[in-house]
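K.L.:
Residue numbers (our numbering): 15 to 372. Idealized CB from N, CA, C, for every residue including glycine. Keep in mind that this is a model prediction, so the values were computed, not measured. Have a look at this one.
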Amino acid sequence: MDAMAAVDSNIARGWNAYHRLELDEAQRAFQDAIREDAGAFEGHYGLARTLIRMRREDQARTEVERCLELEPERFESQAVAGLFYFLVDALDEALNALQKAIELAPDAVEPQVVIAQVYADRGAFGDAEAAIERAHELVDALSNDTKQRREHASLLHAETYVALTAGREDDARAKAEDALQYADANPHAVCLANTNLGLMAARRRRWDQAVAYLEAALELNPAFYRARGALGRVHLVAGRPAEAADALAIALEQTPHPEAHTVMAYASALGKTGRREEAVAQYRRALTLQPRWLERVYAWWQIVWQSRWGRIAVIVGGGLALLLWLGLGKPSPQAVTLVLLLVVVLVLQRSMAGKRPR
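Pasting the structure below:
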């Protein structure tokens, strides 16, 4: 097999794996193509898209920039750049790239699908709906049934995203549920649909349903750290700290740039499972990630409280303050009764903290 045939074979292998959401295999195939020909645009383009789905942002950026360097006037270069910028929340850059992609290929579906989501994030819902309407026209015009189903699933995700951003949760839920039937054509869109359904179920405090949806998403794409982080938070609020800690630990390993609130959720799960030293380390880590001021106050409080000597100091200090108040402040009987009730409630809460819901 000559070099060109080897490149073509690896690229075909890569796209087959990519569409099946077998991302490790897709990555290997596209890298094999690039090893055969460092200037193979399709190899870099496929690798960029694969790394974006794997949420490996730094590596994806390198491949996106390589595509723009090799073929800046190809709509695929601008489209993948727009997709990447959208996912890293660089909305101005995303909009600019996607508008270029649409100018270069007015009949391409994906730039319309992605730009609708960019418009939604910018609050331009009229533009978002216009892009979705145009995408519907383009999808309906496709003659290849496999491609049409794949693009329709992506479009349903965009409609879900726009509806969620606009606060129309019932519409979003209907679109996401509709997308679930396209697992054969577009498992990536189904992964996103399961994630959104899981998040919506969590908002309604339907914890088991949320877990089921999020686990289904992770079966399709184990690298989707946002779904795994959401799964960890659901376990945490549902009173399952051990499961929360396991999920959040993996999510933080996969996340390229962790945020303070995710690290603090992990710290909370560790604290609730008795892993206090690890919890303190994570609260300290959260303080380095520019938390909001309330998060900063809470993190410092937990650093003190999770420490054995810190807890003793707080309890002793609180006890002394109470004795001084009782002895010098001459509180009313009602005030004393209220304080004693609060102490009883805190003691009961502490004794029940380790009990799991049945």
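1. What does a CB cutoff of less than 6 Å around His33 pick up in its chain, not counting 5 residues either side in sequence?
2. Let me know the secondary structure DSSP gives Pro201 once reduced to three states.
3. Report back the beta-carbon spacing between His375 and Val176 to the nearest angstrom; my notes put them in contact at under 8 Å.
4. So, helix, strand or coil for Phe238, using DSSP?
5. Tell me whether Ala155 is buried or exposed, calling it buried when 16 or more other Cβ atoms sit within 10 Å of its Cβ.
6. Where does the unbroken alpha helix (DSSP H) through Thr287 begin, and where does it stop?
7. Which residues mark the beginning and the end of the alpha helix (DSSP H) in which Arg42 is found?
8. Which residues bound the alpha helix (DSSP H) around His271?
9. Please state the DSSP three-state secondary structure of Pro255.
10. Can you give the beta carbon distance from Ala190 to Ala207, rounded, assuming they're within the 8 Å contact cut?
11. Quick one: grab the DSSP three-state call for Lys305.
12. Out of Ala130, Glu291 and Pro305, which one is the CA nearest neighbour of Pro272?
13. Just the C-alpha distance for Met18 and Arg49, rounded to the nearest angstrom, thanks.
14. So, is Val311 buried or exposed, given that buried needs 16 or more other C-beta atoms within 10 angstroms?
15. Have a look at Ala20, Arg136 and Thr209 and flag the residue whose alpha-carbon is nearest the alpha-carbon of Tyr227.
16. Compare the Cα-Cα distances from Glu147 to each of Gln320, Asn158 and Leu169 and report the closest residue.
17. Measure the alpha-carbon distance for Ala47 versus Asn24 and round it to whole angstroms.
18. Among Arg182, Thr174, His202 and Ala180, whose alpha-carbon lies nearest the alpha-carbon of Asp192?
19. So what's Val127 in DSSP terms, helix, strand or just coil?
20. Taking its Cβ as the centre, do 16 or more other Cβ atoms sit within 10 Å of Gly212, making it buried, or is it exposed?
21. Which of the three DSSP states, helix, strand or coil, is assigned to Ile25?
22. Do Gln268 and Arg242 have their CB atoms nearer than 8 Å?
23. Going by C-alpha distance, which of Gly253, Val204, Ala199 and Asp141 is nearest Arg187?
24. So that I know if they touch, is there some Cβ in chain B lying closer than 8 Å to that of Asp22?
P.N.:
The structure says:
1. So no residue of the chain qualifies.
2. Here Pro201 sits in helix by DSSP.
3. The structure shown has nothing for residue 375, since the chain only spans 15 to 372.
4. Collapsing the DSSP output to three states places Phe238 in coil.
5. By the C-beta density criterion, Ala155 is exposed, having fewer than 16 other C-beta atoms within 10 angstroms.
6. Per DSSP, Thr287 belongs to no alpha helix (DSSP H) and is neither H nor E.
7. Its alpha helix (DSSP H) spans residues Leu37 to Glu50.
8. No alpha helix (DSSP H) holds His271; DSSP gives it neither H nor E.
9. Secondary structure at Pro255: helix, using DSSP grouped into helix, strand and coil.
10. Right, their Cβ atoms sit about 4 Å apart.
11. For the sequence presented, residue 305 should be read as Pro rather than Lys. Secondary structure of Pro305 (DSSP, three-state): coil.
12. The candidate whose alpha carbon is nearest that of Pro272 is Pro305.
13. C-alpha separation (whole angstroms): 12 Å.
14. Of the residues assessed, Val311 falls on the exposed side of the cut-off, its CB having fewer than 16 other CB atoms within 10 angstroms.
15. Out of Ala20, Arg136 and Thr209, Thr209 has the C-alpha closest to the C-alpha of Tyr227.
16. Per the Cα distances, Leu169.
17. Looking at the two C-alpha atoms, the distance is approximately 5 Å.
18. Closest option to Asp192, Cα to Cα, is Thr174.
19. In the three-state DSSP reduction, Val127 falls in the helix class (H, G or I).
20. Buried, by the Cβ-count rule.
21. Ile25 carries a helical assignment under DSSP once its states are collapsed to helix, strand and coil.
22. Yes; because the gap between Cβ atoms is below 8 Å, this pair is in contact.
23. Closest by alpha carbon: Val204.
24. Given the protein chain composition of this structure (a single chain), no chain B is represented.
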